[in-house]
Amino acid sequence: MIEFGCFEGVHTIGLSKFSAKVTAVDGRIENVVKTIVRAALYDCHPTVFKYDVEEVPVDGDLLGADVLHHVGVLYHLADPVRHLLEIGKYIRVGLMLDTHYATDGDARLSYEVNGRSYPYQSYRELGRRDVFSGLKTHSKWLPLPVIVGLLRETGFPQIDVVETREERNGPRVLLFASRGVTGS
Numbered sequence: 001m002i003e004f005g006c007f008e009g010v011h012t013i014g015l016s017k018f019s020a021k022v023t024a025v026d027g028r029i030e031n032v033v034k035t036i037v038r039a040a041l042y043d044c045h046p047t048v049f050k051y052d053v054e055e056v057p058v059d060g061d062l063l064g065a066d067v068l069h070h071v072g073v074l075y076h077l078a079d080p081v082r083h084l085l086e087i088g089k090y091i092r093v094g095l096m097l098d099t100h101y102a103t104d105g106d107a108r109l110s111y112e113v114n115g116r117s118y119p120y121q122s123y124r125e126l127g128r129r130d131v132f133s134g135l136k137t138h139s140k141w142l143p144l145p146v147i148v149g150l151l152r153e154t155g156f157p158q159i160d161v162v163e164t165r166e167e168r169n170g171p172r173v174l175l176f177a178s179r180g181v182t183g184s
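Last residue of the sequence shown: 184 in my numbering, with the numbers rising by one and none dropped.
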């Protein structure tokens, strides 16, 4: 199991109680330190390190896992399309994704990745000055159908949208994506 955006380790601890091996990454060193300390207080010892999940190409040896816990990170990324397309290279079974997304009416801008255009809503981030912001000056919120389509394209055909909800900063989704059941 790998967790993107461990923040202060709350989810990391819970994941460690139910998974044999947990790796947690965050783009901020202060969050890595908080996670290591908090996890140790609960006698949990995940592998935790600083890593920018927008880095391409992704280091599959570092990030490879069966399952990805992906909560509160996608909507902070400046290039969410490339990030989602990379996931299929190192996540073997599936993922849980909880993220804000753009409504079709708010996704008025577009950008190109690998020769294709993707709609998005620009969102202002405060960068390193604010612990609750992404690392760049802006992020791109993708419409939900685009997110689902990208997950399918990268090798996760089974998508279960558990819920969509309206939050203070905008619409948010919780979904599970998997490669599908194999075997007899």
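From the three backbone atoms N, C-alpha and C, an ideal C-beta is built for every residue, glycine too.
1. For residue 183, count neighbouring Cβ atoms within 10 angstroms of its own Cβ and tell me buried if that reaches 16, exposed if not.
2. For a minimum of 4 consecutive residues, which ranges assigned as the alpha helix (DSSP H) are wholly contained in the stretch 81-155?
3. Between 110, 36, 1 and 152, which lies nearest to residue 139 when the distance is taken from Cα to Cα?
4. Please report how far the alpha carbon of residue 153 lies from the alpha carbon of residue 53, in whole angstroms.
5. Would you report the Cα separation of residue 33 and residue 65, rounded to the nearest angstrom?
6. Identify which residue in 113, 172 and 180 has its Cα closest to the Cα of residue 71.
7. Are there three or more Cβ pairs, one per stretch, closer than 8 Å when the stretch 13-26 is compared with the stretch 45-52?
8. In the DSSP assignment, find the unbroken beta strand (DSSP E) run with residue 67 in it and report its ends.
9. Buried or exposed for residue 7, please, with buried defined as at least 16 other CB atoms from any protein chain shown within 10 angstroms of its CB.
10. Could you please give the first and the last residue of the uninterrupted alpha helix (DSSP H) stretch that includes residue 14?
11. Taking the Cβ atom as the reference point for each residue, do residue 146 and residue 118 lie within a distance shorter than 8 Å?
12. So what's residue 170 in DSSP terms, helix, strand or just coil?
13. Hey, out of 91, 105 and 101, whose CA is closest to residue 156's CA?
With the structure as the only source:
1. Its pLDDT being 48, under 50, residue 183 is placed unreliably in this model, and the value from its coordinates should be taken loosely. By the 10 Å Cβ count, residue 183 comes out exposed.
2. 144-153
3. 110
4. 19 Å
5. 22 Å
6. The shortest C-alpha to C-alpha distance from residue 71 to any of 113, 172 and 180 is the one to 172.
7. Segments in contact, yes.
8. 65-71
9. buried
10. 10-18
11. Between residue 146 and residue 118, the C-beta spacing is below 8 Å.
12. strand
13. In terms of Cα proximity to residue 156, the closest of 91, 105 and 101 is 91.
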